[in-house]
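S.K.: This is the structure, below, for whatever I ask next.
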Amino acid sequence: MLSNELLETSEKLQNIVRDKATIFSINILREYNEDAVVSLMQSLLKYKMMTEYTKVLQLLFNYKLRNRDLRGCREIVRNCEALGIKLPSDQQGRYIRMLINNEIPEEKSITKPTLNFKLKF
Numbered sequence: 003m004l005s006n007e008l009l010e011t012s013e014k015l016q017n018i019v020r021d022k023a024t025i026f027s028i029n030i031l032r033e034y035n036e037d038a039v040v041s042l043m044q045s046l047l048k049y050k051m052m053t054e055y056t057k058v059l060q061l062l063f064n065y066k067l068r069n070r071d072l073r074g075c076r077e078i079v080r081n082c083e084a085l086g087i088k089l090p091s092d093q094q095g096r097y098i099r100m101l102i103n104n105e106i107p108e109e110k111s112i113t114k115p116t117l118n119f120k121l122k123f
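Each residue of the sequence shown is one higher than the one before, counting from 3 in this note's numbering.
Dropping the structure here:
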């Protein structure tokens, strides 16, 4: 893509992305667009912007925690282990509480209540 080529060649653009990465992520997550944040994170990793990557990863983890997305949180924790990134202790604590309390929104089976009508004549 043209945008990737431009980002590769322009150090000035890389600095802009570096400065605005967290703001971009916050705005993108407000629109519930996780894929765009993941794409931004891939670009940050590609250009070795690790501090910005860590901040965006923490934002995404917080987003996943708020949505009680256990699978997404687990993937982020694995990613952190692989890259040697530590999540803040408050996020770790909330994740552990979610695991312990099993606060996963369960799908409730939909049952129709039976109605018993007594006819009186």
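Glycine included, C-beta positions come from ideal geometry on N, C-alpha and C.
#1: Would you kindly work out how many angstroms separate the C-alpha atoms of Ser41 and Leu101, rounded to a whole number?
#2: Got a sec? Which residues, its chain only, sit under 7 Å from Gln16 by beta carbon, not counting five neighbours each side?
#3: Please report how far the alpha carbon of Glu108 lies from the alpha carbon of Lys120, in whole angstroms.
#4: Determine the closest residue to Arg70 out of Asn103, Leu4, Ser5, with distance taken between C-alpha atoms.
#5: Determine the burial state of Leu85: buried for a count of at least 16 other Cβ atoms within 10 Å of its Cβ, exposed for fewer.
#6: Below 8 Å on the Cβ atoms is my guess for Gln93 versus Asn64; work out the distance and round it to an integer in Å.
#7: Could you tell me whether the Cβ atoms of Arg82 and Tyr97 are closer together than 7 Å?
#8: Is the beta carbon of Leu46 closer than 7 Å to that of Tyr55?
#9: Which first and last residues belong to the alpha helix (DSSP H) in which Arg76 is found?
#10: Given Leu67, which residues of its chain have a CB within under 8 Å of its CB, disregarding the five upstream and five downstream residues?
M.R.: So, from the listed chains and residues:
#1: By one-based count along the sequence shown, residue 41 stands at place 39. By one-based count along the sequence shown, residue 101 stands at place 99. Linking Ser41 to Leu101 through their CA atoms gives a straight-line distance of about 27 Å.
#2: Here residue 16 refers to the residue found at position 14 when the sequence shown is read from its first residue. Once the five neighbours on either side are set aside, the close Cβ partners of Gln16 are Leu9, Tyr49.
#3: By 1-based counting over the sequence shown, the position of residue 108 is 106. By 1-based counting over the sequence shown, the position of residue 120 is 118. Confidence is the limiting factor: at Glu108 the pLDDT is only 49, short of 50, which leaves the residue's position unreliable, though a coordinate-based value still follows. If I take the Cα positions, the gap works out to 35 Å.
#4: Here the question's residue 70 lines up with position 68 in the sequence shown. When each option's Cα is compared against that of Arg70, the closest is Asn103.
#5: Within the sequence shown, residue 85 is the residue found at index 83, counting from 1. Classification of Leu85: exposed, given that the 10 Å Cβ count is below 16.
#6: Position 91 of the sequence shown, counted from the start, is the residue given in the question as residue 93. Position 62 of the sequence shown, counted from the start, is the residue given in the question as residue 64. That belief holds up - the Cβ atoms of Gln93 and Asn64 are roughly 6 Å apart, short of 8 Å.
#7: Translated into positions along the sequence shown, residue 82 becomes position 80. Translated into positions along the sequence shown, residue 97 becomes position 95. Per the sequence shown, the amino acid found at residue 82 is Cys instead of Arg. No.
#8: Position 53 of the sequence shown, counted from the start, is the residue given in the question as residue 55. Position 44 of the sequence shown, counted from the start, is the residue given in the question as residue 46. It is a contact, given that the beta carbons lie within the stated cut-off.
#9: Translated into positions along the sequence shown, residue 76 becomes position 74. Going by DSSP, Arg76 is part of the alpha helix (DSSP H) stretching over 72-85.
#10: As a working note, residue 67 is residue 65 in the sequence shown. Shown here for Leu67: same chain residues with a beta carbon closer than 8 Å to its own, the five before and five after excluded, namely Cys75, Gln93, Arg96, Tyr97, Met100 in chain order.
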